[in-house]
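Below is one structure, written out as structure tokens; comments come after it.
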Amino acid sequence: MKINHKHISKFLSLILRHDPVKIGLQLDENGWADVNELLNKTQKHQPNLDIDLLNKIVETNDKRRFAFNEDCTRIRANQGHSIKIDLEYNPKQPPEFLYHGTVAKFMDAIREKGLLKMSRHHVHLSEERDTATKVGARRGKPFILTIRSGAMYANGAEFFQSDNGVWLTDNVESEYIEFK
Ligand code: HQG
Numbered sequence: 001m002k003i004n005h006k007h008i009s010k011f012l013s014l015i016l017r018h019d020p021v022k023i024g025l026q027l028d029e030n031g032w033a034d035v036n037e038l039l040n041k042t043q044k045h046q047p048n049l050d051i052d053l054l055n056k057i058v059e060t061n062d063k064r065r066f067a068f069n070e071d072c073t074r075i076r077a078n079q080g081h082s083i084k085i086d087l088e089y090n091p092k093q094p095p096e097f098l099y100h101g102t103v104a105k106f107m108d109a110i111r112e113k114g115l116l117k118m119s120r121h122h123v124h125l126s127e128e129r130d131t132a133t134k135v136g137a138r139r140g141k142p143f144i145l146t147i148r149s150g151a152m153y154a155n156g157a158e159f160f161q162s163d164n165g166v167w168l169t170d171n172v173e174s175e176y177i178e179f180k
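Those letters in the sequence shown? Residues 1 to 180, per the numbering used here, in order.
Have a look at this one:
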């Protein structure tokens with residue numbers, strides 16, 4: 001059952017963050033999809049996905065990747081998009097330090113150019129070192145960078161926090177990264 005959830009959650013991430021067109025779905029400018037339309041259009045790919053299972057996945061997802069609107073007629077991904085949408089997050093003051101988990105092979109480029117958002121809308125940062133470790137471990141032996149987010153903020157950088165707690169910013173210049 002758990003494996004099934006994970007599989008469907010990955011499919012939902014693909015549709016709601018990157019490729020709604022794959023199933024002929026349209027997201028609005030804030031990333032919302034109509035729940036009924038989503039369920040209808042996922043039938044062919046995920047025949048087990050009905051409203052009860054969708055509710056369960058939204059509720060139990062380990063990173064709260066998805067959210068319903070107030071009356072539960074629409075659903076969106078909380079962060080991680082590559083398609084252009086406006087999540088309408090308000091700028092927020094970050095803690096003094098945040099963490100980013102990556103792998104050794106990117107380190108030279110990061111030293112030179114800082115952290116770039118690559119294919120996503122923002123650079124993703126974590127409040128907890130443990131979380132950053134997990135993020136890095138997706139790609140191999142994790143390498144954890146400490147980001148001087150307080151100093152960046154003091155110097156005018158904008159930060160946002162997604163509904164599932166991920167800190168987002170445009171890019172992180174090398175001078176704000178502790179490479180230890
Ligand atoms: C690296 C997952 C070369 C960066 C995770 C990362 C997270 C550079 C990769 C969320 C670079 C981008 C985001 C530079 C950054 N040169 N490489 N200048 N700057 N990089 O997946 O932060 O499961 O777009 O270190 O758990 O790994 O999807 O970002 O390795 O929360 O919900 O380029 O995605 O969450 O990779 O992960 P990503 P990320 P979900």
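Don't be surprised by glycine CBs; every beta carbon is placed ideally from N, CA and C.
Out of the options, state which residue places its alpha-carbon closest to the alpha-carbon of residue i.
i, options, result
"N61", "I8, A151, Y99, A109", "I8"
"G31", "Y89, K63, N48, L53", "Y89"
"I85", "D71, A67, R120", "R120"
"E178", "H122, D170, G101, E158", "G101"
"S149", "V135, E112, F97, L53", "F97"
"F143", "D130, Y153, M152", "D130"
"E127", "R139, L115, R138, L145", "L145"
"V172", "D52, N40, H124, F106", "H124"
"D71", "G80, N55, H81", "N55"
"N164", "L87, G140, M152", "L87"
"I57", "M107, I15, K6, L16", "K6"
Tell me residue i's beta-bridge partners as DSSP assigns them.
i, result
"V103", "P142"
"A67", "R76"
"V21", "Answer is none; V21 lacks a bridge partner."
"A154", "DSSP output for A154 lists no bridge partner at all."
"P91", "F160"
"A33", "I75"
"S126", "Y99"
"I147", "L98, I177"
"T169", "V123, F159"
"L115", "V172"
Under the criterion of a Cβ to heavy atom distance below 7 Å, does residue i qualify as lining ligand 1?
i, result
"G80", "yes"
"L115", "yes"
"S174", "no"
"I144", "no"
"R139", "yes"
"I85", "no"
"A109", "yes"
"H100", "yes"
"M152", "no"
"H124", "yes"
"V135", "yes"
"R120", "yes"
Report back the beta-carbon spacing between residue i and residue j to the nearest angstrom; my notes put them in contact at under 8 Å.
i, j, result
"K117", "D170", "7 Å"
"R65", "A77", "6 Å"
"L39", "I51", "6 Å"
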